[in-house]
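Inspection log for the structure reproduced underneath, given as structure tokens.
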Amino acid sequence: MLKRVINIIVLSVVALTANAQELNCTVKVMADAIQGRGADKEVFNTMQNAITEFMNTRKWTTDQYSANEKIDCNILLNITSTLGSVQNGFSATLTIQASRPVYNTSYTSQIVKHVDKEVQFSYNQFSPLEFNDNRVTGNNAFISNLPAVLAYYAYLVIGFDYESFAPKGGTEYFKKAQNIVNNAPEQGKTISGWKAVEGNFNRYWLTDQILNPRFQALRSVWYSMHREALDNMYTEPEKSREVILKSINTLSQLQKENPGAAILQFFFNAKSDEFASVIAQLPEQNRGLYITMLQQIDVPNSQKYNTLRK
Numbered sequence: 254m255l256k257r258v259i260n261i262i263v264l265s266v267v268a269l270t271a272n273a274q275e276l277n278c279t280v281k282v283m284a285d286a287i288q289g290r291g292a293d294k295e296v297f298n299t300m301q302n303a304i305t306e307f308m309n310t311r312k313w314t315t316d317q318y319s320a321n322e323k324i325d326c327n328i329l330l331n332i333t334s335t336l337g338s339v340q341n342g343f344s345a346t347l348t349i350q351a352s353r354p355v356y357n358t359s360y361t362s363q364i365v366k367h368v369d370k371e372v373q374f375s376y377n378q379f380s381p382l383e384f385n386d387n388r389v390t391g392n393n394a395f396i397s398n399l400p401a402v403l404a405y406y407a408y409l410v411i412g413f414d415y416e417s418f419a420p421k422g423g424t425e426y427f428k429k430a431q432n433i434v435n436n437a438p439e440q441g442k443t444i445s446g447w448k449a450v451e452g453n454f455n456r457y458w459l460t461d462q463i464l465n466p467r468f469q470a471l472r473s474v475w476y477s478m479h480r481e482a483l484d485n486m487y488t489e490p491e492k493s494r495e496v497i498l499k500s501i502n503t504l505s506q507l508q509k510e511n512p513g514a515a516i517l518q519f520f521f522n523a524k525s526d527e528f529a530s531v532i533a534q535l536p537e538q539n540r541g542l543y544i545t546m547l548q549q550i551d552v553p554n555s556q557k558y559n560t561l562r563k
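In this note's numbering, the protein residues as written are 254 to 563.
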């Protein structure tokens, strides 16, 4: 059994010799949109290295990880424009993907697949990225915003990873992400993504909803889908598929009670392929009800489910 499970549910004590950090994050910074406008390519290479170091060498939890227990993730920071009024200021889109292994298989299951289009920051080449949970805003809002956004997603990734191994196992890290939201850097309308009034699908709403009791059913589905279904798919395929199919009914009811909820779309961004795969294994005459429900819950992926009718 994976060490994280043992730590979280306190079943036993494991002696570990390694002291690795939690994330194994591959980072890519792209700046094609502003190349040729005086942008120094080396700045973005340095930025890429700084983000990689920040994500992979910082200790995000108090747990001990061995090297093979690190959470695999990928970050693409696509610089879309410069902020003319801010020295060394940029606006960017951040794409983050993370996965966890599935027991008894070589398959990895996506736990996060998300695009954040509201990342504004200032970056001084060769300056390390600094973050303090107790002083999120730092001395300069623009300089502090990039590490704040990165830390937010680090905690979110770790939270969803822990949550997939134990019921409510990610609560501590979701609260750490929410703490960043509550103390986020502010600079008028130039920095966005942290406030409820700025949209319905931003950083504020993701942590607000995952910690809201109204979405307890989603957290239960998250755990059961991973530990009771995917991790048992090799040994008990029929029972595991039934767990996943049953969860569709739960999610359908949740969507009716909370239409347009950000956390539901966040969930399906990562999980739509797995739902589609399970339904594809059903006889064609048994697929219709599940396909219809998924199309109603997960509108952006409606066509993906519709192809399963054929």
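Heads up, the beta-carbon is just placed ideally off N, CA and C, and yes, glycines get one too.
| Item | Value |
| --- | --- |
| Would you mind working out which of Gly412, Asn398, Ile324 sits nearest Phe384, comparing C-alpha positions? | Asn398 |
| Taking the C-alpha atoms as reference points, what is the distance between Cys278 and Gly513? | 30 Å |
| Could you give the DSSP three-state label for Lys370: helix, strand or coil? | strand |
| Identify, in the order they occur along the chain, each residue of the same chain with its Cβ nearer than 6 Å to the Cβ of Ile372, setting aside the five sequence neighbours on each side. | It is worth fixing the name first, because residue 372 is Val in this sequence and not Ile. The answer, listed in chain order, is Ala345, Leu347, Val402. |
| State the start and end residues of the unbroken beta strand (DSSP E) segment that holds Asn435. | Premise fails: Asn435 lies in the alpha helix (DSSP H), 424 to 435, not in any beta strand (DSSP E). |
| Whether or not the region 426 to 436 and the region 450 to 470 are in contact is what I'm after, with contact meaning three or more pairs of Cβ atoms, one per stretch, closer than 8 Å; do they touch? | yes |
| What's the call for Pro400, buried or exposed, on a 16-neighbour Cβ count within 10 Å? | buried |
| Quick test of your reading: Ile497 and Met478, contact by CB under 8 Å. State the CB separation rounded to the nearest angstrom. | 6 Å |
| Could you tell me which of Ser352, Val280, Asn331, Tyr356 sits nearest to Thr488, measuring between CA atoms? | Tyr356 |
| For Ala523, which residues does DSSP report across the bridge? | For Ala523, which the question treats as bridged, DSSP gives no partner whatsoever. |
| Indicate the three-state DSSP secondary structure (helix, strand or coil) for Leu566 in the structure shown. | Outside the displayed span of the chain (254 to 563) sits residue 566, for which this structure offers no information. |
| Along the chain, where does the alpha helix (DSSP H) that runs through Ser344 open and close? | Not the alpha helix (DSSP H): Ser344 falls in the beta strand (DSSP E), residues 342 to 354. |
| What residues in its chain sit with their C-beta under 7 Å from that of Asn432, if we drop five residues either side in the sequence? | Asp386 |
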